[in-house]
Structures are given as C-alpha cells and as structure tokens.
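A.B. asks: According to the numbering used here, the residues represented by the sequence shown are 33 to 307, in order.
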Amino acid sequence: LSADQPDLCFGCHDKAKFSKKNVHAAVMMGCTGCHNPHSSDEQKLLNMQSPALCFGCHDKKSFSGKKVEHPPVKGGMCVSCHNPHSSENEKLLAAVSPALCLTCHDKTKFQNKEVHPPVAGGMCTSCHFPHQGDNERLLTTPQPDLCYNCHDKSMFEKKNVHAAVMMGCTTCHNPHANKQKFLIKSSINALCLTCHAQVAKEPHALSGGAIKGHPLIGKRMRVEGKIVRVQDPKRPGRDFGCTSCHDPHSSDSKVKLFRYPADELFKACRSCHDF
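Written out as structure tokens, the structure is:
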C-alpha cells in the first residue's frame, strides 16, 4: 500500500466523517475490516450484510435470544441508530434521545398537558432497553418495581395495598404523557368506577330516610364568576372525589384503603366531620 489505513482511504474520503468525538474502534483497525477495497456484492462494498458484519466483533447474545427484541435490532438495522464510523454522541448514536427514538415512535404520544419527567428529559433508556429484554415493551424491570426506582416505595406497601398497584402502575397511569394530573388515564372518579362500578349504582357508605348516600364528587358552584367543584376539605387545591377518602395506592387502615387512620367507617368520617 502507498500509505497505511485509514490514511490511505482519506485520500478520497472526507476524514471529518471519521474523526468526530466518538470514533468506532473498527475505523482505527482499518477500513478493510468491514469493506472490500475492490468489489463486493453488498452495498458500500461491505464484506457482508448487517447485522452479521457487526456480530464479527459485537456479541450476538447481547442483541438476540431474549423474549422481546426491538424491531430495528431484529431487522438488522444497526446503522439506523448508530453511525458506523464516528459520531458526536455516545455509543455512536446518530442522534441523542429522544430525537433518535422519535424518528420511529409517534411524537404526539409523548406530548400533552402533563408529561412524565423522565420522558420530558429524554431518558427513554432509563425505562426501556434499546436492543432486547425479557419484559414487555422492553422494560428494564417489571412493574411496579421499575417505578420504584424514582417513586418512594413506602407509599405503595402499607398494610393494605390496592390490587391495582400489583396489576401495574400503567393500569391507572399513562407512563409518558396525558392531559390529567398525575398522568391518570381519565378523571379520578371515572377511573375508579371502571373497576368499582357498583359504587355509583347504590347509596355509598350510608343511607336511610332522606340520606341518599355520601356524595362521590364535589358539587359545582360559582366562585368569582367561574364554575368550580367543591374542594377536598383536607387537601386544599384538589377537587373532592374518591381519593379524598381512599388512598389509591395503599393504606394502614384495616379496611377500605381509608386515607386517614380508621378501622371502621364512622371513624373515617371524623377526619372531616365533627360529631
């Protein structure tokens, strides 16, 4: 050769494309490690197609064999996410997250009035494996343990735990973005009634004479010209509803997931009422 690799190749190819902040080790090993210098049946004179070419150095077990494989990985589309020569980004990524992920995933599903902080911060791989995994949706850990990496586990493991918690946090919450506070999938009461429909069909908590049961939601009233709902008496700024009396995650009360200490119904009433 009239010069060593890769300098010989830079006589024609733009060196800047191969010398960014992060350089693929294969580049410094010599261009002919991946390319045939004369002719090939593959595009770009590759010695073989991807991903077989990549598996010449990278352990195939890290990219295949588990229960769930990311479709681009399964399709051998390595260079859809990684630059094979050099990149300004870590791991030779073609773009930083979440921009890289949003080239395939619908951006509108990650935008709304309320956005989960990890999503807003582009931390996709904090929750999802980019290549393969043993959990659905490529989650790094099954629910609810995944959520406990950020959320205080003690709030969800008191004496009585709501069955929905063990069904997975996304039973009630959207993990990415939603218009409702706390990323819940619908208004609080509507969400609760998807499982507890009978509560709305009969007097709740008490009945008799003129009493038709405890209200499930605050009445609408006009305040300073605006129609608002009656607020939670114990939690200013929040509407009155199911979670005013019941903790949606777990409770130390013996029955009914009462938010405040009580081992029977009327003791729970004393949290708000004087009698």
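Beta carbons: idealized from backbone N, C-alpha and C, even for Gly.
#1: Comparing alpha-carbon positions, which option in 220, 175, 179 lies nearest residue 199?
#2: Taking 8 Å as the threshold (C-beta atoms), are residue 266 and residue 301 in contact?
#3: Can you check DSSP and say which residues form a bridge with residue 144?
#4: In the DSSP assignment, what are the bridge partners of residue 193?
#5: Given 8 Å as the limit, is there contact between the stretch 145–157 and the stretch 211–219, that is, 3 or more CB pairs closer than that?
#6: According to DSSP, simplified to helix, strand and coil, what is residue 121?
#7: Is the stretch 158–177 touching the stretch 226–239, taking contact as three or more C-beta pairs under 8 Å?
#8: Taking the alpha carbon of residue 280 as the reference point, which residue from 206, 37, 193 has its own alpha carbon closest?
#9: So, under 8 Å CB-CB, residue 261 and residue 252 are touching, yes? Tell me the CB distance rounded to an integer number of Å.
#10: Let me know the secondary structure DSSP gives residue 168 once reduced to three states.
#11: Which of the three DSSP states, helix, strand or coil, is assigned to residue 127?
C.D. replies: Judging by the given coordinates:
#1: Relative to residue 199, the option among 220, 175, 179 whose CA is nearest is 175.
#2: No. Outside cutoff.
#3: The secondary-structure analysis by DSSP pairs residue 144 with nothing; it has no beta-bridge partner.
#4: Note: residue 193 sits in a beta bridge opposite 282.
#5: When Cβ pairs closer than 8 Å are counted between the two stretches, the stretch 145–157 is seen to touch the stretch 211–219, the count reaching three or more.
#6: It is coil, neither helix nor strand.
#7: The stretch 158–177 vs the stretch 226–239: no contact.
#8: If we check each option's Cα against that of residue 280, 193 comes out closest.
#9: With a Cβ gap of about 6 Å, residue 261 and residue 252 count as contacting.
#10: Looking at residue 168 - three-state DSSP - the assignment turns out to be helix.
#11: Looking at residue 127 - three-state DSSP - the assignment turns out to be coil, as it is neither helix nor strand.
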